[in-house]
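Student: Each residue of the sequence shown is one higher than the one before, starting from 28 at the first, in our numbering.
Heads up, the beta-carbon is just placed ideally off N, CA and C, and yes, glycines get one too.
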Amino acid sequence: MLSTPTEQPRSGTAGKDTMRKTMTPLLVTVLVVYSAQQLLMPILAPLSRELSLTETQLGLVVTVAAATLTIASPLWGRALDRLGLRTVLLAGLGLATSGLAGFAAVAAIGLDGTSGPALTFGLMLATRSLLFGAGIAAIPVAALAVAGTVTTNETDRTRVVGLVGAAQGLSLVLGPAAGGTLALVSLMLPLYVAPVLPLLLAGWVLTAVPGVTPARPEAERPAKIRPWQAHLWPLFAIGFLLYLSLSLVQVIIGFLVADRLGLDPQATAGAVGVVLFVSGLVLVAVQGAVVPKLGWPARRLLRTGIPITIAAFALLALAGQLWTMTAAFAVLSLGLGLAIPGFTTAPTLAVGPDQQGSVAGLVNATIGATFVAGPLLGTALYELQPVAPVLAALGSVTAALGLTWGAPAAHRIGEKAVASAAG
28 MLSTPTEQPR SGTAGKDTMR KTMTPLLVTV LVVYSAQQLL MPILAPLSRE
78 LSLTETQLGL VVTVAAATLT IASPLWGRAL DRLGLRTVLL AGLGLATSGL
128 AGFAAVAAIG LDGTSGPALT FGLMLATRSL LFGAGIAAIP VAALAVAGTV
178 TTNETDRTRV VGLVGAAQGL SLVLGPAAGG TLALVSLMLP LYVAPVLPLL
228 LAGWVLTAVP GVTPARPEAE RPAKIRPWQA HLWPLFAIGF LLYLSLSLVQ
278 VIIGFLVADR LGLDPQATAG AVGVVLFVSG LVLVAVQGAV VPKLGWPARR
328 LLRTGIPITI AAFALLALAG QLWTMTAAFA VLSLGLGLAI PGFTTAPTLA
378 VGPDQQGSVA GLVNATIGAT FVAGPLLGTA LYELQPVAPV LAALGSVTAA
428 LGLTWGAPAA HRIGEKAVAS AAG
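So, in structure tokens, the structure goes:
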């Protein structure tokens, strides 16, 4: 079973204090590590040009990282159940630090001509994609798994899961802003700062996250979870379809803005920045404030958020001005901000407390898989017809809505007593 700093929290004020003390280090870890990742986003395109890399090669760096995260997430989930929280966090932070530091070194030797484009690309795959992708996978898995063990009712669990999502969303606002500011001093400065953040965080984790009890004997370990089990696969399918819709349009937003508004590259960058900033603020507000305040069960969040998401994609398909495109992405953030905590909570309610690490790994793997397929599919569809990725996203969330209302597993979300976690 996943070990936490205390036994299961008691109800009432004491239980909430325990939950807060347990989750705070994890929320800080999620925010800092994802912000370190996002520091690099403003410089990736210009850096790739300076290194004589193609757009396809840069896309492969991102795709391989997503594939690595997808593979690593279930492994981290099982490691949580066997090795405990602090060990997994430190291992993940160590890999993330190594990957970011290696990426900075690769960029430096590529810029000074020590390595050619082919070698630079290979080393970028090894550091930014494999090492960092494997390391960062541990962080949300740990946060979601602990959220499943320190909460004893569906309302608290949904609230805590929403805060994890809000921390990730806030990193999308803070990271690029900080990276862009640092890049004004030097293109390499964000690369040098990024690995320092998880390194410092590892030192803090050593003191803020208590040690854990030894792993249980093999005979006492929980049964393995299979994502194709009848009570789980519709829930994972809903999550995959939700995130697939996002990844389909996220990768082509710059093309949409440029082509529909007829903007040059510099104006496009500014317009896309406005769209992403507004949508990021909405996402953080919904997951960090609205979802905890509402206290809705996971099924209601899904059934409310997905129709809003459908409306957002319909608006985006028709939007022809910057304000309408910004409004579409703001509505999209509202819909996904409601639906995503519903998805990430739902599978945790279908398993026992000793399987929270494993199910968290599968949740994160589901998310990662969409960012392997989505960007490639989105760009390919855009080349065929610019509105095609938006329509594909619309179809994806419509299918998710169908599963939410039609799949028996979705109807049973929350029926398994969360309070059994105390047993």
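(1) By a C-beta neighbour count over all protein chains shown, 10 Å radius and 16 as the cutoff for buried, is Glu245 buried or exposed?
(2) Identify which residue in Ser385, Gly364, Ala131 has its Cα closest to the Cα of Val311.
(3) Using only CA atoms, which one of Val232, Leu226, Leu78, Ala341 lies nearest to Ala355?
(4) In chain order, what residues of the same chain lie with their CB nearer than 6 Å to the CB of Ile136, ignoring the 5 residues before and after it?
(5) Would you mind sorting Leu211 into buried or exposed? The rule is 16 or more other CB atoms within 10 Å of its CB.
(6) What does a CB cutoff of less than 6 Å around Gly332 pick up in its chain, not counting 5 residues either side in sequence?
(7) At 4 residues or longer, and completely inside the stretch 149 to 191: list those alpha helix (DSSP H) runs for me, N to C.
(8) With a threshold of 16 other CB atoms inside 10 Å of the CB of Val313, please say whether the residue is buried or exposed.
(9) Determine whether the beta carbon atoms of Tyr270 and Thr397 lie at a separation below 8 Å.
(10) So within the stretch 80 to 135, which uninterrupted alpha helix (DSSP H) runs reach at least 4 residues, ignoring any that extend past its ends?
(11) Does DSSP put Val378 in a helix, in a strand, or in coil?
(12) Buried or exposed, going by whether 16 or more other CB atoms sit within 10 Å of the CB of Ser79?
(13) Entirely within the stretch 400 to 446 and at least 4 residues each: give me those alpha helix (DSSP H) ranges in chain order.
(14) For the alpha helix (DSSP H) that Ala218 lies in, which residues bound it at each end?
(15) Classify Thr453: buried if its beta carbon has 16 or more other beta carbons within 10 angstroms, exposed otherwise.
(16) Looking only at its own chain, which residues have a Cβ that is under 6 Å from the Cβ of Leu268, when we skip the five neighbours before and after it?
(17) Count the other CB atoms, across all protein chains shown, that sit within 10 Å of the CB of Ser213; report buried if there are 16 or more and exposed otherwise.
(18) Rounded to a whole number of angstroms, what is the C-alpha to C-alpha distance between Thr208 and Val278?
(19) Going straight from the alpha carbon of Thr176 to that of Ala298, what length do you get?
(20) Can you give me the start and stop residues for the alpha helix (DSSP H) that Trp260 sits inside?
(21) Starting from Val232, trace the alpha helix (DSSP H) both ways and give me its first and last residue.
(22) Kindly list the residues whose CB is nearer than 7 Å to the CB of Val358, restricted to its own chain and excluding five residues on each side of it in sequence; keep chain order.
(23) Go ahead and pull the three-state DSSP assignment for Ala298.
(24) Can you check which of these residues, Phe282, Ser62, Ala316, Pro69, is closest to Pro414 by C-alpha distance?
(25) Is the beta carbon of Gly189 sitting closer than 8 Å to the one on Pro319?
(26) Specify the secondary structure class of Pro52 as computed by DSSP and reduced to three states.
(27) Rounding to the nearest angstrom, what Cα-Cα distance links Val168 and Ala285 in this structure?
(28) Classify Trp19: buried if its beta carbon has 16 or more other beta carbons within 10 angstroms, exposed otherwise.
(29) With DSSP collapsed to three states, give me the class of Gly307.
(30) Count the other C-beta atoms from every protein chain shown that fall within 10 angstroms of the C-beta of Ala76, then say buried if there are 16 or more, exposed otherwise.
(31) Beta-carbon separation of Leu107 and Gly289 under 8 Å?
(32) Compute the beta-carbon to beta-carbon distance between Gly126 and Thr147, rounded to the nearest angstrom, for a pair I have assumed lies under 8 Å.
(33) Judging by CA-CA distance, which residue of Thr114, Gly202, Arg326, Tyr219 is the nearest neighbour of Leu303?
(34) Gly315 by DSSP, collapsed to three states: which one?
(35) Compare the Cα-Cα distances from Gly162 to each of Thr95, Arg186, Arg327, Leu275 and report the closest residue.
(36) Go ahead and pull the three-state DSSP assignment for Thr141.
Tutor: Reading off the structure:
(1) Confidence in Glu245 is poor, its pLDDT being 48 and thus under 50, which makes the residue's placement too unreliable to answer from.
(2) Nearest C-alpha to Val311 among Ser385, Gly364, Ala131: Gly364.
(3) Per the Cα distances, Ala341.
(4) Counting only Cβ-Cβ distances below 6 Å, and skipping sequence neighbours, we find Ser142.
(5) Under this definition Leu211 is an exposed residue.
(6) The answer, listed in chain order, is Gly362, Leu365, Ala366.
(7) Entirely contained in the stretch 149 to 191, the alpha helix (DSSP H) runs reaching 4 residues are, in chain order, 159 to 177.
(8) Per the 10 Å Cβ criterion, buried.
(9) For Tyr270 and Thr397, yes; Cβs fall inside 8 Å.
(10) Runs of the alpha helix (DSSP H) lying entirely within the stretch 80 to 135 and spanning at least 4 residues, in chain order: 82 to 110.
(11) Correct three-state label for Val378: coil.
(12) Exposed is the call here.
(13) Counting only runs of 4 or more, we get 415 to 433, 435 to 438.
(14) Before going on, a small fix: residue 218 reads as Leu here, not Ala. First-last of the alpha helix (DSSP H) with Leu218: 216 to 220.
(15) Nothing about residue 453 can be reported from this structure: the residues present for the chain run from 28 to 450 only.
(16) These residues qualify, in order along the chain: Ser423, Ala426, Ala427.
(17) Around the beta carbon of Ser213, fewer than 16 other beta carbons lie within 10 angstroms, which makes this residue exposed.
(18) Approximately 23 Å between the Cα atoms of the pair.
(19) Note on geometry: alpha-carbon atoms of Thr176 and Ala298 lie some 42 Å from one another.
(20) Unbroken alpha helix (DSSP H) run through Trp260: 260 to 277.
(21) Where Val232 is concerned, the enclosing alpha helix (DSSP H) stretches over 223 to 235.
(22) Here the set comprises Ile335, Ala338, Ala339, Leu342.
(23) Helix.
(24) Looking at the sequence shown, residue 414 is not Pro but Val. Selected option, being the one with the closest Cα: Phe282.
(25) Taking 8 Å as the Cβ cut-off, Gly189 and Pro319 qualify as a contacting pair.
(26) Shown here, Pro52 sits in a helix according to DSSP, grouped into three states.
(27) Taking the straight line from one Cα to the other gives about 36 Å.
(28) Because the chain spans 28 through 450 in this model, residue 19 falls outside it and cannot be assessed.
(29) Judged by DSSP in its simplified three-state form, Gly307 adopts helix.
(30) According to the sequence as given, residue 76 is Arg; it is not Ala. Burial call: exposed.
(31) No, these two residues do not count as a Cβ contact at 8 Å.
(32) Rounded, the Cβ-Cβ distance is 15 Å, inconsistent with contact.
(33) Residue nearest to Leu303 within the set Thr114, Gly202, Arg326, Tyr219 is Gly202 (criterion: CA-CA distance).
(34) Helix at Gly315.
(35) The residue with the shortest Cα to Cα distance from Gly162 is Thr95.
(36) Residue state, collapsed to three classes: coil.
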